[in-house]
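If you count the sequence shown from 1, you need to add 510 to reach the working numbering. Using N, Cα and C, we set each Cβ at its ideal position, and we do this for glycine too. Source: prediction; values computed, not measured. Just below is one structure, and these are the notes that go with it.
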Amino acid sequence: MLVAIARQGTLMGAASELHLTQPAVTKSIKELEAQLGVQLLVRSGRGVRFTDYGEILLHSARRITAEMESAEQAIAQMKSATPSTLKIGVSLLSATVPVYAALSRFRARWPQTQLEIMEGMPRQIIDSLRSGEFDLCLAFIADSDSIAEFAFIPLARWPQRLMYSGDVNDASLQALSASQWLWNHTAESWLPFWQHLAAGETSAPPRQMTLCTSWTIYRQLALEPNTVSIWPEFLLHGDNAPHALTPLRFALPEITLGFMVRRDHVFSRATEHFIECVKAELK
Numbered sequence: 511m512l513v514a515i516a517r518q519g520t521l522m523g524a525a526s527e528l529h530l531t532q533p534a535v536t537k538s539i540k541e542l543e544a545q546l547g548v549q550l551l552v553r554s555g556r557g558v559r560f561t562d563y564g565e566i567l568l569h570s571a572r573r574i575t576a577e578m579e580s581a582e583q584a585i586a587q588m589k590s591a592t593p594s595t596l597k598i599g600v601s602l603l604s605a606t607v608p609v610y611a612a613l614s615r616f617r618a619r620w621p622q623t624q625l626e627i628m629e630g631m632p633r634q635i636i637d638s639l640r641s642g643e644f645d646l647c648l649a650f651i652a653d654s655d656s657i658a659e660f661a662f663i664p665l666a667r668w669p670q671r672l673m674y675s676g677d678v679n680d681a682s683l684q685a686l687s688a689s690q691w692l693w694n695h696t697a698e699s700w701l702p703f704w705q706h707l708a709a710g711e712t713s714a715p716p717r718q719m720t721l722c723t724s725w726t727i728y729r730q731l732a733l734e735p736n737t738v739s740i741w742p743e744f745l746l747h748g749d750n751a752p753h754a755l756t757p758l759r760f761a762l763p764e765i766t767l768g769f770m771v772r773r774d775h776v777f778s779r780a781t782e783h784f785i786e787c788v789k790a791e792l793k
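Next comes the structure, spelled out in structure tokens:
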């Protein structure tokens with residue numbers, strides 16, 4: 511019921527989805543609030559919104575319903591060979607890694623498993639994984655990223671390079687801080703990255719920093735004059751490499767490509783095989 515309310519935005523919409531009356535939904539929510547001793551929803555003329563207590567319970571409700579749907583699907587598959595579904599989230603940066611052969615290998619071994627691969631922003635990927643909408647997510651993790659709530663299966667590590675568009679007259683960090691900088695991870699990981707880069711120097715973070723996780727746009731912005739950008743090593747080679755950029759001699763932390771999963775997630779045999787296919791492709 512909580513998941514339906516969140517999806518529909520109103521008690522009436524949730525009641526319609528669940529084939530119940532609105533008074534029945536209202537009564538159930540009030541009973542739940544009385545049982546927990548907290549207010550879960552705030553009602554208004556425009557609908558309802560979740561309180562902080564409600565948001566906590568909603569996260570658990572989404573995870574529970576996702577696990578129940580997974581269990582029901584597994585049982586249905588055992589009873590009637592119903593095709594299973596493997597839902598995979600892919601971050602925008604990890605979508606640049608060529609793992610297409612792994613998908614072909616997986617489909618050849620598990621043709622009855624339906625693949626759903628969705629690309630998204632880092633925050634969207636994490637929220638969808640947390641709520642149970644994805645079984646696992648392929649993502650790049652920087653050392654400054656915090657993912658303690660998830661389990662992480664590392665696949666490969668790559669160095670990162672600092673690149674500059676234009677003539678480098680002064681390559682000191684203090685001089686470069688006056689340039690335009692591009693960042694391709696989460697907003698929360700920017701300051702820890704800069705502190706690592708500064709390594710005890712007193713240089714203030716750049717005033718001009720653009721967060722861009724679209725690699726099509728990122729490539730274009732990186733070519734603008736006097737722009738500092740961060741690149742995974744593997745993107746600096748090949749036909750689409752940004753050859754017009756100049757490398758800067760700074761030691762950057764490596765980034766790791768891997769699968770993020772919920773710690774309580776139980777892998778199916780198909781999921782385990784998919785992970786092995788990607789591992790084999792990256793060797």
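Go to residue i, then tell me how far its beta strand (DSSP E) extends in each direction, as first and last residue.
| i | result |
| --- | --- |
| Met522 | Note, Met522: premise wrong, no beta strand (DSSP E); alpha helix (DSSP H) at Leu521 to Leu528. |
| Ala649 | Leu646 to Ala652 |
| Val552 | Leu551 to Ser554 |
| Glu685 | It should be pointed out that residue 685 corresponds to Ala in this sequence rather than to Glu. Not the beta strand (DSSP E): Ala685 falls in the alpha helix (DSSP H), residues Leu683 to Leu686. |
| Leu542 | Premise fails: Leu542 lies in the alpha helix (DSSP H), Gln532 to Leu546, not in any beta strand (DSSP E). |
| Val771 | Ile765 to Arg772 |
| Leu755 | First-last for Leu755: undefined, no H or E at that position. |
Would you call the CB atoms of residue i and residue j closer than 8 Å?
| i | j | result |
| --- | --- | --- |
| Pro763 | Leu733 | no |
| Leu646 | Val771 | yes |
| Ile627 | Ile651 | no |
| Glu629 | Ala611 | no |
| Pro716 | Ser689 | yes |
| Asp814 | His706 | Only positions 511 to 793 of the chain appear in this structure, which leaves residue 814 out of reach. |
| Tyr674 | Leu758 | yes |
| Leu792 | Ala661 | no |
| Leu625 | Leu602 | no |
| Pro632 | Thr723 | yes |
| Val600 | Val788 | no |
| Leu550 | Glu541 | no |
| Trp620 | Ala516 | no |
Assuming residue i and residue j are in contact, meaning their beta carbons sit under 8 Å apart, how far apart are those beta carbons, in whole angstroms?
| i | j | result |
| --- | --- | --- |
| Thr766 | Pro664 | 5 Å |
| Pro735 | Gly642 | The Cβ separation is near 46 Å, so there is no contact. |
| His783 | Phe616 | 6 Å |
| Ala697 | Leu721 | 6 Å |
| Val558 | Leu521 | 6 Å |
| Ala708 | Leu683 | 6 Å |
| Val535 | Thr575 | No, Val535 and Thr575 are not in contact; Cβ-Cβ is about 16 Å, not under 8 Å. |
| Pro669 | Glu743 | 5 Å |
| Ser594 | Ser778 | 7 Å |
| Gln718 | Trp700 | Wrong, their Cβ atoms sit about 13 Å apart, outside the cutoff. |
So the alpha helix (DSSP H) residue i belongs to, where does it begin and stop?
| i | result |
| --- | --- |
| Phe784 | Arg779 to Leu792 |
| Arg559 | Where Arg559 is concerned, there is no enclosing alpha helix (DSSP H), although the beta strand (DSSP E) it sits in stretches over Gly557 to Phe560. |
| Leu762 | Premise fails: Leu762 is in no alpha helix (DSSP H) and is neither H nor E. |
| Arg717 | Counting along the chain, Arg717 falls outside any alpha helix (DSSP H), and DSSP gives it neither H nor E. |
| Val513 | Leu512 to Gln518 |
Taking 7 Å as the cut-off, does the CB of residue i come closer than this to any heavy atom belonging to the ligand FAD?
| i | result |
| --- | --- |
| His529 | No copy of the ligand FAD appears in this structure; indeed no ligand is present at all. |
Complete runs of the alpha helix (DSSP H) confined to the stretch 723-752 [at least 4 residues]: 725-732
Three or more C-beta pairs below 8 Å linking the stretch 725-739 and the stretch 567-585: no
Uninterrupted beta strand (DSSP E) stretches inside the stretch 582-632 (no shorter than 3 residues): 595-601 and 624-630
4 or more residues per run - each alpha helix (DSSP H) lying fully within the stretch 656-712: 683-686 and 700-708
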